[in-house]
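Add 6 to the 1-based position in the sequence shown for the working numbering, that's all there is to it.
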Amino acid sequence: MKKERFMEMVRFALVGGASFLLDYGLLYAFVEFCGIHYLVASGLSFTISVIFNYFLCATFVFHASGRTKAQKLLFFGSSIAGLFLNQLCMWLFVDIMGIYYMLSKIFATAIVTLWNYVMKRKALKG
C-alpha cells in the first residue's frame, strides 16, 4: 500500500470518528432531551453528521478541489443510501432484536462505514 493511500485512510478514520461522535451525541440528545423517537432522531443526527463529514472529507481527507456536480451528487447519493442502511439496521437491531438504541447505533455505524469509504472516495477522487 502506498504511503499516501495509507495516510488518506488514516485521515478518513479521523474524520469518520469525529463524524460518529457528532452523530452519536446528537442521537442521544435528540432522544433523551428532546423526546424524539429514536428512528427520527437517528435520521436527523445521521444527516447532520453527513454534512459535517462532506466538508471534512473534501478538504482534509481527499484534498478534492473543484468537485463536479456529478461528484457531489454521487457523494450525497451514497450518503442517502448510507442513511437507508443506517435506518434499516437501527430498526432491525432495536425493534426486531431488542438491542438498546445507543448500542444499535454502534453496530449500524460499523456496517455503513465500509460503504461510505468506498463511495465517498469514488465521489471525491473521481
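Virtual Cβ for every residue (Gly too), placed ideally from N, Cα, C.
Reduced DSSP secondary structure (H/G/I, E/B, other) of residue i
{"i": "K8", "result": "coil"}
{"i": "G41", "result": "coil"}
C-beta contact flag for residue i and residue j at 7 Å
{"i": "F113", "j": "F90", "result": "no"}
{"i": "V118", "j": "G88", "result": "yes"}
{"i": "S25", "j": "S55", "result": "yes"}
{"i": "Y123", "j": "F18", "result": "yes"}
{"i": "S51", "j": "L27", "result": "no"}
Straight-line gap, residue i to residue j (C-alpha atoms, nearest Å)
{"i": "R11", "j": "F66", "result": "13 Å"}
{"i": "Y30", "j": "L109", "result": "10 Å"}
{"i": "M96", "j": "L45", "result": "7 Å"}
{"i": "C63", "j": "G41", "result": "31 Å"}
{"i": "V37", "j": "K111", "result": "13 Å"}
{"i": "N92", "j": "Y107", "result": "12 Å"}
{"i": "R127", "j": "K8", "result": "16 Å"}
Length-filtered (4 minimum) alpha helix (DSSP H) runs lying within the segment 44-119:
Counting whole runs of 4 or more residues, the segment 44-119 contains the alpha helix (DSSP H) stretches 44-62, 75-97.
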